[in-house]
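Here the protein sequences come in this chain order: A and B. Per the working numbering, the first sequence starts with residue 1, numbered consecutively. Per the working numbering, the second sequence starts with residue 136, numbered consecutively. Glycine residues also receive a C-beta, built at the ideal position from the N, C-alpha and C atoms. Quick notes on the structure that follows.
There are 2 protein chains.
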Amino acid sequence: MQSRNTSARRAILELLQTCGCHLTVQEVYERVQPQLPSLNPSTVYRNLRFLVEQGSISVSDMGLGTPVYEALHAAPHHHLICEGCGHEIELSDGPVRALFAELEQTHHFEIITNHLVLFGLCPTCRQKGQDPESS
Amino acid sequence: MQSRNTSARRAILELLQTCGCHLTVQEVYERVQPQLPSLNPSTVYRNLRFLVEQGSISVSDMGLGTPVYEALHAAPHHHLICEGCGHEIELSDGPVRALFAELEQTHHFEIITNHLVLFGLCPTCRQKGQDPESS
DNA sequence: CTCCTTTTTGCAAATATTTGCAATAAGGAT
DNA sequence: ATCCTTATTGCAAATATTTGCAAAAAGGAG
């Protein structure tokens, strides 16, 4: 026996798998607590960390100040986030996977990271930034 | 006038540029405080955030539980970190830059991320993990 | 050099996150 | 169904990080 299928852990994982989206610790807590009235925030923190280590979910910094958690999909994907307006663009796995494969070969490493988040500027915000003072 | 060259900001940036390594908030505070006795941790947090936004330094999650800050080098580099033993491998910028360039073209995006950290397993830890129970 | 405006800072009070520990509950064995 | 071992939980107390606000100090203008 090593890890136990507790109601809290089950509820948290199910929530993430069902919603299929990115959720913050707060959001997870708020959505699970109603079904498990005595749920404590620290249990949520601990379980999220556990599920990440176990590989059932991923954590990412999407620039929100607090990390977001997401169930691992069949189809991995990545994000490009605009630092100007916050706009998120979903990236296909192909090119990223190609880089990972190359790095794995070169360094005899096995890459576990499965959700890459890159920050930058979207076309619109790039223009704004380049605009000379419009006065 | 927009941003001011205060002693705290100067000291923090100089520290990072001089040491040329990754430092946590704690470490920055501990090393700058002696020279600026009245320095408050919140000032360190605020300045690190400021310097990141301004583009003078970068933040990264190296898996330590708290982010690390580093002055931006002339030669950008990235890391592969082993989740088993913590070993860090430095990656050259080439292949990563190539992916970034491809993504920038495809999405008309300008990527700002300049320090990529990927997690995985080093050759040694991979073997350990694959070993059937050695009993 | 003095004055003025605005950014920064220190401090204290919020929040957020982690941790220690005793009580609870999974789940295997009997 | 009962007992046992040990992973998990809740709670309270540490830590870590952010925020509001009045006081301090950059830096430009006069």
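- For the pair of segments examined, the region 7 to 15 of chain A was found to touch the region 50 to 61 of chain A: the number of CB pairs separated by less than 8 Å reaches three.
- Contact residues of the region 220 to 240 of chain B toward chain A are I224, L226, P230, V231, A233, L234, F235, E237, L238 and E239 (C-beta to C-beta distance below 9 Å).
- Contact annotation for I112(A) against chain B: E218, L253, F254, G255 and L256 [CB-CB distance below 9 Å, chain order].
- DSSP places E14(A) in the helix class (H, G or I) of the three-state scheme.
- Residue burial is scored here from C-beta neighbours: H108(A) has fewer than 16 other C-beta atoms within 10 angstroms and is therefore classed as exposed.
- The beta carbon of R126(A) sits closer than 8 Å to some beta carbon of chain B.
- H78(A) and T106(A) have their C-alpha atoms roughly 23 Å apart.
- Along the region 199 to 264 of chain B, the alpha helix (DSSP H) occurs as fully enclosed runs of 4 or more residues at 228 to 242, listed in sequence order.
- Here V96(A) has H78 and L116 as same chain residues with Cβ atoms under 6 Å from its own Cβ, once five neighbours each way along the sequence are excluded.
- Boundaries for S38(A): no alpha helix (DSSP H) harbours it, and the DSSP string shows neither H nor E there.
- When secondary structure is reduced to three states using DSSP, S7(A) falls in the helix class.
- Under DSSP, V59(A) forms a beta bridge with Y69(A).
- The C-alpha of L36(A) lies about 45 Å from the C-alpha of L234(B).
- With a threshold of 16 other beta carbon atoms within 10 Å, H73(A) falls short and is exposed.
- DSSP lists no bridge partner for L51(A).
- Scanning chain A for C-beta atoms nearer than 7 Å to the C-beta of L183(B) yields nothing, as the closest lies near 14 Å away.
- Here the alpha carbons of E205(B) and C156(B) stand approximately 6 Å from one another.
- At least one CB atom of chain B sits nearer than 8 Å to the CB of H108(A).
- Counting only the Cα atoms, R261(B) lies some 32 Å from E162(B).
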